[in-house]
Each structure stands twice: as C-alpha cells, then as structure tokens.
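Note sheet for the following structure.
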Amino acid sequence: MTNHYSLYIDGKWIDTDENYQIRSPATEELVATVSKGEVGHVDAAVSAAQGTFDEGTWRNTPPKERAELIKTVAERLAARTDELAALQSRENGATIRITGALHVGLSAAQLQYVAAITEGYPWETEGPAIEPVPANGLVVRQPIGVVAAIVPWNIPLLTTVWKIGPALAAGNSVVLKPDEHAPILPIELAREFDAAGLPPGVLNVVTGDGEPVGAHLAGHPGVRKVAFTGSTAVGKSILRQSADTIRRVTLELGGKGANIILDDADIDMAVDGALFACMANNGEACEAGTRLLIPAERRDEIVDKLIARGSTLRLGDPLHPATHVGPIISAHQRDRIVEYVRNAAAEGATVALGGSVPTGSGFDKGYWFEPTILVDVTNDMRIAREEVFGPVLTVLTYNSEDHAVQIANDTNYGLSAGVWGSEQRALAIARRLDAGMVWVNNWHVIHPAYPFGGFKESGLGREGGPDAIDEYVEEKFISLDRSGGIENKAFAIVIDPAT
Ligand code: NAD
Numbered sequence: 001m002t003n004h005y006s007l008y009i010d011g012k013w014i015d016t017d018e019n020y021q022i023r024s025p026a027t028e029e030l031v032a033t034v035s036k037g038e039v040g041h042v043d044a045a046v047s048a049a050q051g052t053f054d055e056g057t058w059r060n061t062p063p064k065e066r067a068e069l070i071k072t073v074a075e076r077l078a079a080r081t082d083e084l085a086a087l088q089s090r091e092n093g094a095t096i097r098i099t100g101a102l103h104v105g106l107s108a109a110q111l112q113y114v115a116a117i118t119e120g121y122p123w124e125t126e127g128p129a130i131e132p133v134p135a136n137g138l139v140v141r142q143p144i145g146v147v148a149a150i151v152p153w154n155i156p157l158l159t160t161v162w163k164i165g166p167a168l169a170a171g172n173s174v175v176l177k178p179d180e181h182a183p184i185l186p187i188e189l190a191r192e193f194d195a196a197g198l199p200p201g202v203l204n205v206v207t208g209d210g211e212p213v214g215a216h217l218a219g220h221p222g223v224r225k226v227a228f229t230g231s232t233a234v235g236k237s238i239l240r241q242s243a244d245t246i247r248r249v250t251l252e253l254g255g256k257g258a259n260i261i262l263d264d265a266d267i268d269m270a271v272d273g274a275l276f277a278c279m280a281n282n283g284e285a286c287e288a289g290t291r292l293l294i295p296a297e298r299r300d301e302i303v304d305k306l307i308a309r310g311s312t313l314r315l316g317d318p319l320h321p322a323t324h325v326g327p328i329i330s331a332h333q334r335d336r337i338v339e340y341v342r343n344a345a346a347e348g349a350t351v352a353l354g355g356s357v358p359t360g361s362g363f364d365k366g367y368w369f370e371p372t373i374l375v376d377v378t379n380d381m382r383i384a385r386e387e388v389f390g391p392v393l394t395v396l397t398y399n400s401e402d403h404a405v406q407i408a409n410d411t412n413y414g415l416s417a418g419v420w421g422s423e424q425r426a427l428a429i430a431r432r433l434d435a436g437m438v439w440v441n442n443w444h445v446i447h448p449a450y451p452f453g454g455f456k457e458s459g460l461g462r463e464g465g466p467d468a469i470d471e472y473v474e475e476k477f478i479s480l481d482r483s484g485g486i487e488n489k490a491f492a493i494v495i496d497p498a499t
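Residue numbers (the UniProt record's numbering): 1 to 499.
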C-alpha cells in the first residue's frame, strides 16, 4: 500500500479533497500521496497556532523541557536514518550517499545542537545598574508568536529543522509549508514531534502550492515571522509582502558559488573537490560551487583532469550506493537546464563533457541530465550569472589573484565560495570573498555549530550556529526603579516633585 501523508492542524491529521501524487523522479513510480492544502487550511493552521500561543502552554514550558522534547525528536530521527534516507532518495532523487549523512544525519545533529543551546540560552539576563536614575535592568528574550516556515524540495528536512528547531526552542508556534514536490520528510518530522508530545497547535503542517498557499501564509496577518528557503525571486516577494506589517523575515536563497583553484593547489584533489562542490545533491544545492575559477596558464591541464574525473561520475539510480548523480526533480526543471546549456553554447561556451539528456537503459523513465562541464565561460554569460540548479559546472579562467577575487565577487549572489591552495594564501583570499560560507580545501562542510546563510541577494539572517535562537525571539528591556523616592526619579527633571 502507498503511504499517505495528511495535513497536520491543531494536533489533528486532516485529509483534503485533493492529493498530490509524489512520484520518484528516477522511475516515476508512486512513492506517496499527500493531502493538498488550500488557503482555508492556512487560515485554520494560523488560527490554531495563535490560539496555542495565546494559551501559553508551550511558551511557558521551561526551556529545559522544551529542549528535552527536541532532543527526543532528534534521537527518533537518528534512529530512522536509513529508512528516511531511502525515502528521501525515492522522493526527490538525491543520492543515497548523501541523504543519510546530510539530509537526515545532519538534521538530527542540528536538532541535538539546538536542544543543547536552548538550555544555556540567556532567556532572561540582568544588566548593569542604571545610573543616575537609578534603576535595574532586565533583558527578556521571548518568542515572537506565529512563525511561518516555507521550505524547498532539494534538501527538505535540513531546511525545515533549521527553522522549526530554534522556533520551537524559543516557544513560538509554527505553521510549516513543505514544498509540493518533496513534502514527505518534513511531515515525518511533524509525526515525530506529535509522538514526542508537542502540544496541539504548536506545530502545524499545510502542504500546498507556492501560489496561492505559500503566498497566503507568508502574507497572513497572524504571522509575525517568516522563515523561508527557496528562490531569490520568491524571497524578494516575501520581503515585499512583509513590509506593511514589519514582519520579521529570514531568507535563505539562491547562490552562484565561486570555487577558486590556486596554482599551488594539489590539482588532483582540487579537481575532485570541484566536481563534488558542483555535483553533490545532483547539483540541486544552493551552496553548490558552480563557477570554477582556474589560473589561465594551467587551463589545459586542469580541464583535461576535470574531463577525465568527470567522466567517471556515475549517473543513475539514486538508491544505488555507487551512484554519484541522480535524476532531476521534474521535467520542468530538466527542461530549464537544457535551455541554460543551449543558451551557454550560443553565447560561446564549449561543452567539454555531457551537455545532454541521456538516453537508453535506465533513462527511459524519469528526468535526467548528464553531469556537464562547460569551458570557455566568461562571467558575463547568463550561465555564469543565474542559478541553474543542476549538474552543470562552468569553468572560467583568471590571470591573477586579484582577478580571481574580482570575478568571484562579481555576482548578485553571496552564499558560498571556496579556495584550493596552500592554506595561508587561500585563507587570505577567503577573507576577501563576499560569501556567507567559504570553504578552504573542501566544500559542503555544514555543521550545526556554524552559521549558514548568504551575503547580498543570497539571503537575510543566518540559520544554525550558536545564535540560531536569536532569529526567533524578541528582545525586551525591562527597567525596575530603584530611586527610593520621587525626588530622585528621572521625571523630576521636568516635573517638580509634589511639595
Ligand atoms: P521556490 O522559491 O519556487 O520554492 C520554495 C518554496 O516556496 C516552496 O515551498 C514553494 O511552494 C514556495 N513558494 C513558491 N512560490 C511562493 C510564493 N509566491 N510565496 C510563498 N511561497 C512560495 O524555490 P525552488 O526553485 O523550488 O527551490 C530551489 C531554490 O531554493 C533555489 O533557488 C535554491 O538555491 C534555493 N535554496 C536555498 C537554500 C539556502 O539555504 N540558501 C537551500 C536550499 C534551496
């Protein structure tokens, strides 16, 4: 029997008139059906979230107990790693090599980390004595209210826990909208929170289309904060929608990561690293290294090695442990990639490897694109400026370190970057790059204790890291009068004490 996933509103699992058919992008087999939510379900979910928030059951639960519940969910997730990893690979085509470690393992670790920092978080701190008023001061950090969490299909579980972990840790209520292409793991996560005893209404899940359901949630007057991961275009629309009510917003958006190989790098390692940077998660990663910058004088040698190593990448069944690159999420997304590569060739790029939709055994069903390397790319080409979101590596050359930095920073994005070479030299360049994450001699290193997020049009705010909870609290200063008499009070400066 096919698994079915419902909406989750006010602690109840709710079926709707219509279902999404979630099909494997590799085989088109039915993986699950998922209830399709409408704007009315968003209204019900926001209302449940607000009601629970007003009652205060969760926000008044001591932080230590909130942390314990989050920890329990982390442990349940970790215990189900293999099962959930396989489910994720079947649902969105990410390879089993990384769905275990990255999608599920890192999500569980992220929740463990949030639980740990919840206990030590400064929920209420006393500041220094205030003179000459005199007064004492407290800083109270309290939940914001109803948080909308909107997540994409490429790494659904991690992008979800980045939001709802700290949001729940802080005592907020949440309405989560998974992506309609890959909602299963976020709903599995809600099942675990439900089983762990999270009070009804604190976490709600409404799977629905971006338009109108996501847009309705993001603009809902009951929502006080939107945490969004997805495309820059939608991120901008959410920011505009939030202006009227000065709603809090965190945005994790697209990227066009520059990956610089220096001439003193271990070239074999850097070439493998460049392929990993670009092709992991089938190239469907916002932090992918999609612009490879190589020294002009070493161009031929490096390109030859890239082609040789790139040719060994195995495209195929995402559930097979030997597969490096799986299918593309949908026909629509595959067609976008085809169009980007065609356009790049028209602009003067050369296809050095791949570049086509594969045919033959194993590729008659599903949506595929070959691991592709484009050379002779310049930074003004569309392929170098826009996010392709597929297994397409572009190779550009530079003439000096300054030139490499200039090309790397010449982009509207600023999510990720990387440098391969001797550490001190690479570190000096890393400091000059406009990106939220810069990896020296590695890539895709994401850790719960370090922040994730972007400069420029790649986002606003950070997820994960030691300050993750800060994004989900309002800070309040409370002053307590210590003057001991009206004559000493600050307002006596303008109003004479009664005689
Ligand atoms: P998308 O913006 O179309 O969709 C993301 C989510 O937003 C989905 O849940 C979708 O239903 C919803 N949505 C769509 N239109 C909406 C609207 N008008 N209002 C509110 N919600 C709406 O993104 P996509 O193309 O499906 O996903 C890939 C994008 O996500 C890429 O650009 C990628 O770089 C980005 N991404 C960023 C990060 C990061 O942390 N920076 C991580 C993963 C993915």
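For each residue, glycine too, the CB sits at the ideal point set by N, CA and C.
Check                                                                                                                                                                            : Outcome
Nearest to Leu319 by alpha carbon, out of Gly235, Gly171, Gly100?                                                                                                                : Gly100
With respect to the beta strand (DSSP E) encompassing Trp368, which residues constitute its N-terminal and C-terminal limits?                                                    : First-last for Trp368: undefined, no H or E at that position.
Does the distance from the C-beta atom of residue 532 to that of Gly310 stay below 9 Å?                                                                                          : With the chain represented from 1 up to 499, any question about residue 532 goes unanswered, as that position is not in the structure.
So the candidates are Ile294, Leu203, Tyr113; which of them puts its Cα closest to the Cα of Ala44?                                                                              : Leu203
Evaluate Gln333 with the Cβ neighbour count: other Cβ atoms within 10 Å of its Cβ, from every protein chain shown; 16 or more gives buried, anything less gives exposed.         : buried
What do you get for Val445, buried or exposed, if any count of 16 or more other CB atoms within 10 angstroms of its CB means buried?                                             : exposed
Within the continuous alpha helix (DSSP H) that includes Tyr5, where are the two ends?                                                                                           : Not the alpha helix (DSSP H): Tyr5 falls in the beta strand (DSSP E), residues 3-5.
Please state the DSSP three-state secondary structure of Pro25.                                                                                                                  : coil
Let's see if you can read the secondary structure: which residues bound the beta strand (DSSP E) around Ser173?                                                                  : 173-177
Using a Cβ-based criterion (distance less than 8 Å to any ligand heavy atom), does Trp153 qualify as near ligand 1?                                                              : yes
How would you label Lys64, buried or exposed, when you count the other beta carbons within 10 angstroms and need 16 or more for buried?                                          : exposed
Using only CA atoms, which one of Ser479, Leu275, Leu253 lies nearest to Ile228?                                                                                                 : The sequence shown places Phe at residue 228, not Ile. Of Ser479, Leu275, Leu253, the residue nearest in Cα terms is Leu253.
How would you call Tyr450, buried or exposed, if buried means at least 16 neighbouring beta carbons within 10 angstroms?                                                         : exposed
Identify the continuous alpha helix (DSSP H) that holds Val288 and give its terminal residues.                                                                                   : Here residue 288 turns out to be Ala, not Val, going by the sequence shown. Segment: none, Ala288 is in no alpha helix (DSSP H) and carries neither H nor E.
Tell me whether Cys278, by its Cβ, gets closer than 8 Å to a heavy atom of ligand 1.                                                                                             : no
Label Phe491 either buried or exposed according to how many other C-beta atoms from any shown protein chain fall within 10 Å of its C-beta, with 16 as the threshold for buried. : exposed
Cα separation between Leu462 and Phe452?                                                                                                                                         : Here residue 462 turns out to be Arg, not Leu, going by the sequence shown. Between Arg462 and Phe452, the C-alpha separation is close to 5 Å.
Name the two residues that bound the continuous alpha helix (DSSP H) containing Ser237.                                                                                          : 232-241
Run the proximity test for His181: is its beta-carbon closer than 8 Å to any non-hydrogen atom belonging to ligand 1?                                                            : yes
Is the closest heavy atom of ligand 1 to the C-beta of Phe389 under 8 Å?                                                                                                         : yes
Just checking, does the stretch 379-389 make contact with the stretch 215-223 on the three C-beta pairs under 8 Å criterion?                                                     : no
So, helix, strand or coil for Thr350, using DSSP?                                                                                                                                : strand
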